[in-house]
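Report on one structure; see the data block that follows.
4 protein chains.
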Amino acid sequence: MEHGYTADKQAYLRRLSRVEGQVRGIARMVEEDKYCIDILTQIAAINKALHAVSVGLLQDHIGHCVVDAAAESARTGNPEIVNTKVEEATAAISRLVRS
Amino acid sequence: MEHGYTADKQAYLRRLSRVEGQVRGIARMVEEDKYCIDILTQIAAINKALHAVSVGLLQDHIGHCVVDAAAESARTGNPEIVNTKVEEATAAISRLVRS
Amino acid sequence: MEHGYTADKQAYLRRLSRVEGQVRGIARMVEEDKYCIDILTQIAAINKALHAVSVGLLQDHIGHCVVDAAAESARTGNPEIVNTKVEEATAAISRLVRS
Amino acid sequence: MEHGYTADKQAYLRRLSRVEGQVRGIARMVEEDKYCIDILTQIAAINKALHAVSVGLLQDHIGHCVVDAAAESARTGNPEIVNTKVEEATAAISRLVRS
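Protein chains in written order, with numbering that gives the first Met the number 0: chain A, 0 to 98; chain B, 0 to 98; chain C, 0 to 98; chain D, 0 to 98.
Printed below as a string of C-alpha cells:
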C-alpha cells in the first residue's frame with residue numbers, strides 16, 4: 000500500500016531514530032541527576048522534532064490521500080469520498096494542536 | 000469572493016465576538032486585581048476557543064480551496080495549482096501548532 | 000489586594016487592549032471575506048500574544064505569590080502553605096501547555 | 000547532587016522508557032506503511048506523554064529549587080538568588096508552551 004509519505008520513508012525513519020536517541024539521552028540525564036532545566040530544554044527539542052515530523056506527514060497526507068480523493072470525488076460526482084478524508088485530516092490537526 | 004468559511008460566516012462572527020468579550024473580561028479581571036491563577040484559566044479558555052476557530056477555518060479551507068484546486072489539477076493535468084495550496088495549508092498548520 | 004502583576008498592571012492592560020483589537024480585526028477579515036490563510040496567520044499571532052501574557056503572569060505569580068509562600072513556610076515550618084501554591088501554579092502551567 | 004525530581008527518579012525513567020518504546024513503535028508503523036492518520040495519532044500521544052513529564056519536572060523544580068532559593072533569599076536578604084531561579088523557570092515554561 001502506497002502512502003503520501005512513502006517517497007520520504009527513509010528520511011522519516013532517520014528522523015524518528017534521531018528522536019529515539021534524544022529520548023534515551025533524556026533518560027541518561029535523569030539517571031545522572033542533571034539539572035531539571037537542562038532536561039526540560041531537551042524535551043522541548045524533542046517536541047519540536049516530533050511536531051516537524053507530524054507537519055511533514057500531514058503535508059504528505061493532504062498532498063496525496065486528500066488530493067487523490069478530491070480527484071476521485073470530482074470524477075465520480077460523489078463528494079463523500081473526499082469529505083471523509085477532509086474530516087479525518089482535520090481531526091488529526093486538532094489532536095496535534097492540543098498535544 | 001467565496002471562501003470555504005462563507006457558509007458559516009455568521010457562526011464564525013458570533014464565536015469571534017464571544018472571544019472579544021472574553022478578552023475584555025480578562026482586562027477587567029486585571030483592573031480589579033483578581034487572582035493571577037484565575038486570569039490564567041481564562042486565557043487558556045480563550046486559546047482553546049481560538050484554536051477551535053482555527054481548526055474550523057482549516058477544515059473549511061481544505062474542504063473547499065484545496066479540494067477545488069485538486070479537481071482543477073486533475074482536470075488540467077497541472078499539479079502546480081494544488082501543490083501551492085497544499086504547501087500554503089501546511090505552513091498555516093505549522094504556525095498554528097507552534098502558536 | 001496586591002498581586003504579582005500589580006506593578007505591571009498598566010502594561011498588561013495595554014497588551015490586552017491590543018489583543019482585543021486584533022480579535023476585532025479578525026472579525027472584520029471574516030466579514031470582508033478575506034482569504035482563510037491570512038485569517039489563520041492573524042489568529043496564530045493572537046495566540047502568541049496571549050501566551051506571552053500568560054508566561055508573564057506566571058513569572059509574576061511564581062516570583063511573588065510562590066516565593067512569598069516559600070518564605071512563610073520557611074519561617075513557620077509549615078510546608079503546606081507553599082505546597083498548595085506550587086500545585087496551583089503547576090496546574091495552571093499544565094492548562095497553558097494544552098491550550 | 001539532589002534535584003527536585005530525585006525522589007521520583009525511577010518513575011521518570013519508566014515513563015521515558017515507555018516513550019522510547021512509543022517512538023520505536025512509530026518507526027515500525029512507517030516501515031510497515033501504516034496509514035498516516037494512525038501514525039499522527041501515535042505522535043500526538045507521545046507529545047502528551049512528554050508534556051506530562053515536563054510539567055512533572057517543572058512542579059518538582061518549582062517545589063524544590065525555586066522554593067529553596069526563596070527561603071535562602073528570605074534568610075540572607077539577597078533577592079538575586081531566587082530571582083535567577085524564577086527567570087530560569089519562566090524561560091523553561093515559555094519554551095515548553097511553544098514546543
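The beta carbon of each residue, even a glycine, is placed where N, CA and C say it ideally should be.
Residues in its own chain within less than 8 Å of residue i by CB, not counting five upstream and five downstream?
{"i": "I25 of chain C", "result": "I38, Q41, I42 and I45"}
{"i": "V52 of chain A", "result": "Y11, R14, L15 and V18"}
{"i": "H50 of chain D", "result": "L95"}
{"i": "V29 of chain A", "result": "I38"}
If you reduce the DSSP assignment to three classes, tell me which class residue i lands in.
{"i": "N82 of chain A", "result": "helix"}
{"i": "D37 of chain B", "result": "helix"}
{"i": "H63 of chain C", "result": "helix"}
{"i": "S53 of chain A", "result": "helix"}
{"i": "R97 of chain B", "result": "coil"}
{"i": "E1 of chain A", "result": "coil"}
First and last residue of the alpha helix (DSSP H) that includes residue i?
{"i": "T75 of chain A", "result": "V66 to T75"}
{"i": "Y11 of chain C", "result": "K8 to E30"}
For residue i, return the contacting residues in chain A, with the cut-off set at a CB-CB distance below 7 Å.
{"i": "I80 of chain D", "result": "None at all; the shortest Cβ gap to chain A is about 15 Å."}
{"i": "T5 of chain D", "result": "D32"}
{"i": "T83 of chain D", "result": "Near T83 of chain D there are no residues of chain A at all, since even the closest Cβ is about 11 Å away, more than 7 Å."}
Given residue i, which residues of its chain have a CB within under 6 Å of its CB, disregarding the five upstream and five downstream residues?
{"i": "I80 of chain D", "result": "A68, E71 and S72"}
{"i": "H63 of chain B", "result": "G3"}
{"i": "Q21 of chain A", "result": "I45"}
{"i": "P123 of chain D", "result": "The structure shown does not extend to residue 123 of chain D, since chain D spans only 0 to 98, so no value can be given for it."}
{"i": "A48 of chain A", "result": "V18"}
{"i": "R97 of chain C", "result": "none"}
{"i": "G55 of chain D", "result": "none"}
Determine the burial state of residue i: buried for a count of at least 16 other Cβ atoms within 10 Å of its Cβ, exposed for fewer.
{"i": "R13 of chain B", "result": "exposed"}
{"i": "Q9 of chain A", "result": "exposed"}
{"i": "R27 of chain B", "result": "exposed"}
{"i": "A6 of chain B", "result": "exposed"}
{"i": "D59 of chain D", "result": "buried"}
{"i": "R94 of chain B", "result": "buried"}
Residues of chain C with CB closer than 7 Å to the CB of residue i, please, in chain order.
{"i": "T75 of chain D", "result": "Those do not exist, as T75 of chain D stays about 11 Å from chain C at its closest Cβ, beyond 7 Å."}
For residue i, return the contacting residues in chain D, with the cut-off set at a CB-CB distance below 9 Å.
{"i": "T89 of chain C", "result": "V54, G55, L57, Q58, I61 and G62"}
{"i": "A69 of chain A", "result": "Under the 9 Å cutoff, chain D gives no residues; its nearest Cβ is about 16 Å from A69 of chain A."}
Cβ closer than 9 Å: which chain A residues qualify as neighbours of residue i?
{"i": "H50 of chain B", "result": "S93, V96 and R97"}
Take residue i and list the residues in its own chain whose beta-carbon comes closer than 7 Å to its own, dropping the five residues that flank it on each side.
{"i": "I61 of chain B", "result": "A88"}
{"i": "E1 of chain A", "result": "none"}
{"i": "K84 of chain D", "result": "C64, V65 and A68"}
{"i": "E86 of chain C", "result": "none"}
{"i": "L91 of chain B", "result": "It is worth fixing the name first, because residue 91 of chain B is Ala in this sequence and not Leu. These residues qualify, in order along the chain: L57."}
{"i": "T75 of chain B", "result": "none"}
List the residues of chain B that residue i touches, going by C-beta distances under 9 Å, in chain order.
{"i": "E30 of chain C", "result": "K8 and L12"}
Taking C-beta pairs closer than 8 Å, name the residues in chain B that residue i reaches, listed in chain order.
{"i": "V18 of chain C", "result": "V22"}
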